[in-house]
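Asker: Residue numbers for the sequence shown follow the working numbering, so the first one is 864 and each next one is one higher.
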Amino acid sequence: MSVTLGDVSFRSAIGEVAAILEDYWEDLREERLPVTPDLRPGDVRAMLPDCVPVHGEPIVNVLADVRRVVMPGLVHWQHPSFLGYYPTQTSPASVVGELLASGLAVQHMMWSTGPAATELEEAVLDHLAVALGLPERFLSTGDGGGVLQDSASSAVLVAVVAALYRASDGRWREHGTEGRYRLYCTDQANSCVPKASRIAGLGEPTQITTLAGTCEMDPRALREQLAADRAASVVPAIVVASVGTTGTCAIDPVAAIAAVCREFGAWLHVDAAYAGSAAICPENRWINEGVEHADSYAVNCHKWLLTGPPCDAMWVADRHSLTAAMDIRPPFLRNQASDSGNVTDFRDWQVPLMHPFRALKLWFVLRTHGVEGLRAHIREQLSHAALLAGLVRDAPGFELISHSLGLVCFRLAGDNARTEHLRTELDATHQILVTPTTVDGRYILRAALGSRLASQTSVRNAWALVREIAASIPDDRPTLSETSPTTSVGARWPGTCP
864 MSVTLGDVSF RSAIGEVAAI LEDYWEDLRE ERLPVTPDLR PGDVRAMLPD CVPVHGEPIV
924 NVLADVRRVV MPGLVHWQHP SFLGYYPTQT SPASVVGELL ASGLAVQHMM WSTGPAATEL
984 EEAVLDHLAV ALGLPERFLS TGDGGGVLQD SASSAVLVAV VAALYRASDG RWREHGTEGR
1044 YRLYCTDQAN SCVPKASRIA GLGEPTQITT LAGTCEMDPR ALREQLAADR AASVVPAIVV
1104 ASVGTTGTCA IDPVAAIAAV CREFGAWLHV DAAYAGSAAI CPENRWINEG VEHADSYAVN
1164 CHKWLLTGPP CDAMWVADRH SLTAAMDIRP PFLRNQASDS GNVTDFRDWQ VPLMHPFRAL
1224 KLWFVLRTHG VEGLRAHIRE QLSHAALLAG LVRDAPGFEL ISHSLGLVCF RLAGDNARTE
1284 HLRTELDATH QILVTPTTVD GRYILRAALG SRLASQTSVR NAWALVREIA ASIPDDRPTL
1344 SETSPTTSVG ARWPGTCP
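In structure tokens:
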């Protein structure tokens, strides 16, 4: 018996959805759509139905409203000229995998509620760890293992919980933080790090200064802070190192930081949400230096690995601290397999009880693209970033601040107001999106390359628009005849700051 949605078969409806997505991706590739919508708050709501209909509508009406209302009101993260934040991508393989996962509706919070889903996730994360060149201690065949979180934010929070359990020898489960524990990071760490610190009851993290001329954590300053805190009876619980900061894609010296963490018994979590994917290419394995000493590590597959969001891969070297911190077993969660201790129950690896079948879409991506296909994708994005960096470097009136992996940071020469003006005017075109950061008081624009639909032509088109808008912004700087000669700012490698 066929499955229907009103008067349309399920197969026909899925075919229509596939057609919508194919048309959408082609429109993005050809840049027929703006990057951002020209809307005011409430515009979309005004076009939506006022209430749930009393009687169901034909699915074709709903799909028509997707085309008419929803899609024109989106910010198109896969657009070649979406250069803001960091990329969030997907691929046809990921979409097919997610469709199947949605239809199967598996909830494998425990092995007993989804044996195949649980073991597939374990295998996928082991395979991905090997492909990324991560240390064997993260594999499920030993004391470690991986889990698919929804985001790097959840990975950081879960790492903090595991760190508190270990730092307190389990006392934390009964007595909480007692005001004794600290989290450490730099001011360049992602906003999810201080948020996790607050949620876990640690308050604001202790900020460690960066090395002079960079945005990278200073290991010497870290050691001094940990020593001072220990002398004051404060327990250094966890240090969060960044491999690819949000602002400039700076990469903290993980090996040196790990040495300090070992000295003081602090948990080391490596947040490689963006940059970690680059390590699938052997020539980029330098970003993994020191990771073999980390206690946990996370990378967002939905950024560079062609897997739709949400999909964050997190690994721990010793799963006991994590599962012991998170384990709660009321009678309705007791079963023979869990009690045996011979299976993985992902409910103990995350905050929610429910664990969706995210591994299926990642498995589809890994199998259909293969390691070489994913390497080719990463290398293409890196070549786009290199092209843009060269265009910025060669353009009069622009400063190339940094270029690290797929991120290019630049500004207009002169005071901050000129670059802020440039960003405002670019936003108003709706044809490009860049996002800002501030380093040492200087306002900088970030361009993050990562769309699978981008090309060298789209990069050149985006830069031509930037040049066109910049040409209309007054330059109030003194001429060379009115000031002493200066040295222009060039790129700093990798991920360093002015």
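For glycine and all other residues, C-beta sits at the position ideal for the given N, C-alpha and C.
What you are looking at is a predicted structure, and each value in this text was computed from that prediction instead of being measured.
Can you find the residues in the same chain that come closer than 6 Å, C-beta to C-beta, to residue 1151, ignoring five residues on each side of it along the sequence?
Answerer: Indexing the sequence shown from 1 puts residue 1151 at position 288. For residue 1151, where only same-chain residues beyond five positions count, the Cβ hits under 6 Å are 996, 1142.
Asker: For the alpha helix (DSSP H) that contains residue 1078, what are its first and last residues?
Answerer: Here the question's residue 1078 lines up with position 215 in the sequence shown. Counting along the chain, residue 1078 falls outside any alpha helix (DSSP H), and DSSP gives it neither H nor E.
Asker: Helix or strand or just coil, what does DSSP make of residue 1195?
Answerer: On the sequence shown, position 332 is the one that residue 1195 refers to. Helix at residue 1195.
Asker: If you drop the 5 nearest sequence neighbours on each side, which residues of the same chain put their C-beta closer than 7 Å to that of residue 1135?
Answerer: For this step, residue 1135 is matched to residue 272 along the sequence shown. So the qualifying residues of the chain are 1106, 1107, 1160, 1161, 1162.
Asker: Considering only the alpha carbon of each residue, which of 1339, 1254, 927, 1218 lies closest to residue 1277?
Answerer: Residue numbering aside, residue 1277 sits at position 414 when the sequence shown is read from its first letter. Comparing Cα-Cα distances from residue 1277 to each of 1339, 1254, 927, 1218, the minimum goes to 1339.
Asker: When DSSP labels each residue in this structure, what does residue 960 get in the three-state scheme?
Answerer: Sequence index remark: in the sequence shown, residue 960 carries index 97 (1-based). Helix, per DSSP.
Asker: Are residue 1131 and residue 1175 touching if we call contact CB-CB under 7 Å?
Answerer: Within the sequence shown, the letter at position 268 stands for residue 1131. Within the sequence shown, the letter at position 312 stands for residue 1175. Cβ distance not < 7 Å, so residue 1131 and residue 1175 don't count as in contact.
Asker: Of all the alpha helix (DSSP H) runs that stay within the bounds of the segment 1213 to 1290, which reach a length of 4 or more residues?
Answerer: Those alpha helix (DSSP H) runs which fall completely within the segment 1213 to 1290 and span 4+ residues are 1222 to 1257.
Asker: With residue 1012 as the anchor, note down where its beta strand (DSSP E) starts and where it stops.
Answerer: Taking the sequence shown and counting its residues from 1, one reaches residue 1012 at position 149. That run of the beta strand (DSSP E) goes 1008 to 1012.
Asker: What does the alpha-carbon distance come out to for the pair residue 866 and residue 1104?
Answerer: Within the sequence shown, numbered from 1, the residue matching residue 866 stands at position 3. Within the sequence shown, numbered from 1, the residue matching residue 1104 stands at position 241. Using only the alpha carbons, I get a separation of about 50 Å.
Asker: For residue 1343, count the other beta carbons within 10 Å of its own beta carbon; 16 or more makes it buried, fewer makes it exposed. Which is it?
Answerer: Counted from its first residue, the sequence shown places residue 1343 at position 480. Its pLDDT being 43, under 50, residue 1343 is placed unreliably by the model, and the measurement read from it follows with that caveat. Answer is exposed; the Cβ neighbour count stays below 16.
Asker: Terminal residues of the continuous beta strand (DSSP E) containing residue 1189?
Answerer: Along the sequence shown, read from residue 1 onward, the residue named residue 1189 stands at position 326. It is not in any beta strand (DSSP E) - residue 1189 instead sits in the alpha helix (DSSP H) that spans 1182 to 1189.
Asker: For residue 1169, name the three-state secondary structure that DSSP assigns.
Answerer: Residue 1169 sits at position 306 when you count from the first residue of the sequence shown. Three-state DSSP puts residue 1169 in coil, outside helix and strand.
Asker: Excluding the five sequence neighbours on either side, which residues of its own chain have a C-beta within less than 6 Å of the C-beta of residue 1153, listed in chain order?
Answerer: As a working mapping, residue 1153 is identified with position 290 in the sequence shown. Once the five neighbours on either side are set aside, the close Cβ partners of residue 1153 are 1117, 1118, 1121.
Asker: Just to confirm the assignment, what range does the beta strand (DSSP E) spanning residue 1178 have?
Answerer: Numbered from its first residue, the sequence shown carries residue 1178 at position 315. Unbroken beta strand (DSSP E) run through residue 1178: 1175 to 1179.
Asker: Tell me the DSSP bridge mates of residue 1308?
Answerer: If you number the sequence shown from 1, residue 1308 lands on position 445. Per DSSP, 1273, 1299.
Asker: Identify, in the order they occur along the chain, each residue of the same chain with its Cβ nearer than 6 Å to the Cβ of residue 1288, setting aside the five sequence neighbours on each side.
Answerer: Here the question's residue 1288 lines up with position 425 in the sequence shown. Within the same chain, residue 1288 has close Cβ partners 1332.
Asker: In the DSSP output, which residue or residues are listed as bridge partners for residue 1099?
Answerer: Taking the sequence shown and counting its residues from 1, the one referred to as residue 1099 is at position 236. Answer is 1045, bridged to residue 1099.
Asker: Could you check if residue 895 is buried or exposed, using at least 16 other CB atoms within 10 Å of its CB as the buried criterion?
Answerer: Position 32 of the sequence shown, counted from the first residue, corresponds to residue 895. Classification for residue 895: exposed.
Asker: Evaluate residue 917 with the Cβ neighbour count: other Cβ atoms within 10 Å of its Cβ, from every protein chain shown; 16 or more gives buried, anything less gives exposed.
Answerer: Locating residue 917 in the sequence shown gives position 54, counting from the first residue. When all chains shown are included, residue 917 counts as exposed.
Asker: Only counting the same chain, and skipping five residues up and downstream in sequence, which positions put a Cβ closer than 6 Å to that of residue 1059?
Answerer: Residue mapping note: residue 1059 aligns to position 196 of the sequence shown, counting from 1. 1019, 1020, 1023, listed in sequence order.
Asker: Does the Cβ of residue 882 have 16 or more other Cβ atoms within 10 Å, making it buried, or fewer, making it exposed?
Answerer: What you label residue 882 is simply residue 19 of the sequence shown in a count that begins at 1. So residue 882 ends up on the exposed side.
Asker: Just checking my contact of residue 1264 with residue 1307 at CB under 8 Å: how many whole Å lie between their CB atoms?
Answerer: Looking up residue 1264 in the sequence shown gives position 401. Looking up residue 1307 in the sequence shown gives position 444. Yes, residue 1264 and residue 1307 are in contact; Cβ-Cβ is about 5 Å, under 8 Å.
Asker: Who are residue 1104's beta bridge partners in DSSP?
Answerer: Position 241 of the sequence shown holds residue 1104. Partner(s): 1133.
Asker: State yes or no: is the C-beta of residue 946 within less than 7 Å of the C-beta of residue 1310?
Answerer: Residue 946 sits at position 83 when you count from the first residue of the sequence shown. Residue 1310 sits at position 447 when you count from the first residue of the sequence shown. Yes, the Cβ-Cβ distance between residue 946 and residue 1310 is below 7 Å.
Asker: When the Cα of residue 1181 is compared with those of 962, 1004, 928, which residue comes out closest?
Answerer: The residue you call residue 1181 lines up with position 318 of the sequence shown. Selected option, being the one with the closest Cα: 1004.
Asker: For residue 1092, tell me which candidate among 1077, 1071, 1109, 1076 has the shortest Cα-Cα distance.
Answerer: Here residue 1092 is taken as the residue at index 229 of the sequence shown, counted from 1. It is 1071.
Asker: What residues match up with residue 1163 in a beta bridge as DSSP calls it?
Answerer: The count along the sequence shown starts at 1 and reaches residue 1163 at position 300. DSSP lists 1175 as partners of residue 1163.
Asker: May I ask you to list the residues that DSSP assigns as paired with residue 872?
Answerer: Residue numbering aside, residue 872 sits at position 9 when the sequence shown is read from its first letter. In the DSSP output, where bridge partners are listed per residue, residue 872 has 867.
Asker: Could you check how far apart the C-beta atoms of residue 1195 and residue 980 are, in whole angstroms? I think they sit under 8 Å.
Answerer: On the sequence shown, position 332 is the one that residue 1195 refers to. On the sequence shown, position 117 is the one that residue 980 refers to. So it is not a contact: roughly 20 Å between Cβ atoms.
Asker: With a threshold of 8 Å on Cβ separation, who are the neighbours of residue 924 within its own chain once the five nearest residues in sequence on each side are excluded?
Answerer: The residue you call residue 924 lines up with position 61 of the sequence shown. Once the five neighbours on either side are set aside, residue 924 has no close Cβ partner at all.
Asker: Here's the rule I'm using: 16 or more other beta-carbon atoms within 10 Å means buried, otherwise exposed. How should residue 1184 be labelled?
Answerer: Taking the first residue of the sequence shown as position 1, residue 1184 is located at position 321. So residue 1184 counts as buried.
Asker: Please check if any C-beta of chain B sits within less than 7 Å of the C-beta of residue 1054.
Answerer: Chain labels in this structure do not include chain B; a single protein chain is all it has.
Asker: Ignoring anything shorter than 4 residues, give me the alpha helix (DSSP H) runs that lie fully in the segment 919 to 1002, in order along the chain.
Answerer: Listed in chain order, the complete alpha helix (DSSP H) runs (minimum 4 residues) inside the segment 919 to 1002 are 922 to 928, 955 to 967, 978 to 994.
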